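*Asks:*
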Ligand SMILES: [Zn+2]
Ligand SMILES: [Zn+2]
Ligand SMILES: [Zn+2]
Ligand SMILES: [Zn+2]
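Numbering (full-length UniProt numbering), first residue to last: 1 to 632.
1. Please write down, chain order preserved, every residue whose beta carbon lies under 6 Å from a heavy atom of ligand 4.
2. Flag this pair as touching only if the segment 452-467 and the segment 279-299 have three or more C-beta atom pairs under 8 Å; answer yes or no.
3. Would you decide whether residue 467 is buried or exposed? Buried here means 16 or more other CB atoms lie within 10 Å of its CB.
4. Taking just the CA atoms, how far does residue 311 sit from residue 246?
5. Sorry if obvious, but does the Cβ on residue 464 come closer than 8 Å to a heavy atom of ligand 2?
6. By DSSP, does residue 264 sit in helix, in strand, or in coil?
7. Do you know how far the Cα of residue 140 is from the Cα of residue 122?
8. Would the beta-carbon of residue 634 fall within 9 Å of that of residue 593?
9. The alpha helix (DSSP H) that contains residue 184, what's its start and end?
10. Express the C-alpha separation of residue 234 and residue 414 in angstroms, rounding to a whole number.
11. Along the chain, where does the alpha helix (DSSP H) that runs through residue 560 open and close?
12. Can you check whether the CB of residue 315 is closer than 9 Å to the CB of residue 457?
13. Among the residues of its own chain, which have a CB less than 8 Å from the CB of residue 613, if the five just before and after it don't count?
14. Cutting at 6 Å between CB atoms, please list the residues of its own chain near residue 588, excluding the five before and the five after it.
15. Can you grab the Cα-Cα spacing for the pair residue 153 / residue 288, in whole Å?
16. Pick from 210, 352, 619, 521: whose alpha carbon is nearest that of residue 452?
17. By alpha-carbon positions, which one of 570, 301, 160 ends up nearest to residue 132?
18. Would you say residue 615 faces chain C, with C-beta separation under 9 Å as the test?
19. At a cut-off of 8 Å, would you count residue 592 as near ligand 2, judging by its Cβ distance to the nearest heavy atom?
20. Leaving out five residues before and five after residue 184 in sequence, what residues of the same chain have Cβ atoms less than 6 Å from its Cβ?
21. Rounded to the nearest angstrom, what separates residue 619 and residue 496 at their Cα positions?
22. Where does residue 543 fall in DSSP's three states?
23. For residue 619, which three-state DSSP category applies?
24. Quick one: what's residue 505 bridged to in DSSP?
25. Anyone know if the C-beta pair for residue 102 and residue 155 falls short of 9 Å?
26. I'd like the list of long-range same chain contacts for residue 581, defined as Cβ closer than 8 Å, with 5 residues on each side in sequence excluded.
27. Under the DSSP definition of a beta bridge, which residues are partnered with residue 494?
28. Hey, could you find the ends of the alpha helix (DSSP H) residue 603 is sitting in?
29. Mind pulling the alpha helix (DSSP H) runs of 4 or more residues that sit fully within the segment 88-170?
30. With three or more beta-carbon pairs closer than 8 Å as the criterion, would you say the segment 112-126 touches the segment 195-215?
31. Using a 10 Å radius around the Cβ and a threshold of 16 neighbouring Cβ atoms, would you call residue 499 buried or exposed?
32. Compare the C-alpha of residue 94 against each of 106, 108, 120, 109 and name the closest.
33. Just the Cα atoms here: how many angstroms apart are residue 195 and residue 22?
34. Between residue 503 and ligand 2, is there a pair consisting of the residue's CB and a ligand heavy atom that are separated by less than 8 Å?
35. Between 491, 109, 271, which lies nearest to residue 608 when the distance is taken from Cα to Cα?
36. Tell me whether residue 91, by its Cβ, gets closer than 8 Å to a heavy atom of ligand 1.
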């Protein structure tokens, strides 16, 4: 069997080839004139690459050129060899030692297909060339562009069109990765293949939720690099695909924060109106709405700590990891006893048993059901279960003994990939207090004893939305939506006065205005002076005369922004168990995709969307204020 891998088109490969061509025939026929009944003389690049990868043969065997790995010679010019006949001529070094492994290819068109993937080696620079990337020392360097088949993990490839389909399903209908995998396995996979496979075939033809997530994130990263003309580098030695992708996801999250969304400088007829005053001066009035949507993910239990959790199973970030050993009673600094979450103090232990019993009680179940009503379930078949129980077995569950719930454990990263959690799990941020005397803890005296057992979650997401529905930016709030948080969000989103929209709707603007008035720093006190912060549509007060704005009336339609917020809230059950870096990347990617679709739609409807030059919006304050002062 194994010898067949290096000598393609033995009996097994031929059988596979014939089976595949039989399946491909109707597709290939569409490229041929209807009168021709013979096989096509040339295959399309897609069909060629597909067959080549499926049966693990070289380009030469396929009698054409292709790209898997995309090169037969080392691309490093230093590896070129002088020709014996003419030492002044150099020839690129041939790659050798082909290594072929069985893989499963998930395609949109043909379902899941068994195949082979080959890597080759340069003996001079010790580079391994794989289908998607080459490896030098410990680093993977991806080839430029997005290849047709994306390697989601060692033995699984997902075709680019399928990655695109999953991304579209997520953004348009909140389809979770679990439901993407279900849809694929029962709606798109090809059942004719399985019976013709040798019994010893080692890779599964079933698409797993982890493959969907890994492919989603890797595909988005490759697209992001393509847009920016950059090359993706990932670690080759990372312990899992989850850990491998994490630094790259984190890097883009930092870029996307504040002004990073491509829609940040959007403007169109719906979110902007042009006003001409008596002197003939033209003003553009850009209108935005800022609102909070209550979705979130686990975060460090230390108040206001922004450090990402390495794993959703942890309660503390790496900086605060030591606190995990402490008693769950908030005022107690003693270490908890092994197997417990509290110190041996009987009062503290009583709280822990209470928490455990509460987890089993009926009201908890009712609470779960209530949560399910308000959000999409991430698993259409069985809320609380998963397609791959082995990968999800240790997710939080009220039926486990306290010492087993959320106990610190080694990082089993493969679990993280699934990371959709049981939809509405019991592992909430539970705070329990009972009146009681805590002996040996004089500082608590007769006061209430309070303990925190569950994981802390981020409080909500803030969106700043143009009144056309395009999202300018997003930020995670760790505490409740105080005007302070919104103020901070606006300062990051609009770092220069020139970038400020003229109208900032926010339902707590009265407190915001009061807060700004009292700011001791003059710069901050006056920062929003040229903006209107309407209290509500009918009672706004601002520095402009009413006549400044469209015949004294605000043209404001909140429905687009409200729809945007409702759409965003639909991701609640998909993201609630996501690790911080994936959580941020996923939400940013959903926003990016929706903005793109919406902008196309606005153009089609004649609303003339355009991007205000970033240099204009980001020009330093001193310049912008002096140039604008005459018209003030
Ligand atoms: Zn080389
Ligand atoms: Zn707009
Ligand atoms: Zn922390
Ligand atoms: Zn204690």
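All C-beta atoms, glycine included, are put in the ideal place defined by N, C-alpha and C. No experiment lies behind these values; they were computed from the predicted model shown.
*Replies:* Quick answer:
1. 327, 329, 332, 334, 342, 343, 345, 348
2. yes
3. buried
4. 11 Å
5. no
6. The answer is helix: DSSP assigns residue 264 an H, G or I state.
7. 15 Å
8. With the chain running from 1 to 632 in the structure shown, residue 634 is simply not present.
9. Run containing residue 184: none; DSSP gives neither H nor E here.
10. Residue placement at residue 414 is flagged as unreliable, the pLDDT there being 42, under the threshold of 50; a coordinate-derived value is accordingly withheld.
11. The continuous alpha helix (DSSP H) containing residue 560 extends over residues 559-569.
12. no
13. 265
14. 256
15. 42 Å
16. 352
17. 160
18. Here there is only one protein chain, and chain C is not present.
19. Flag unset: Cβ of residue 592 not near ligand 2.
20. 207
21. 7 Å
22. For residue 543, the predicted structure reports a pLDDT of 38, less than 50, and the residue's modelled location is therefore unreliable. A value from the coordinates is still provided. In the structure shown, residue 543 adopts coil according to DSSP, grouped into three states.
23. coil
24. 289
25. yes
26. 246, 249, 250, 253, 308
27. Residue 494 is not bridged to any residue.
28. 580-604
29. No alpha helix (DSSP H) of 4 residues or more sits fully in the segment 88-170.
30. yes
31. buried
32. 120
33. 15 Å
34. no
35. 271
36. no
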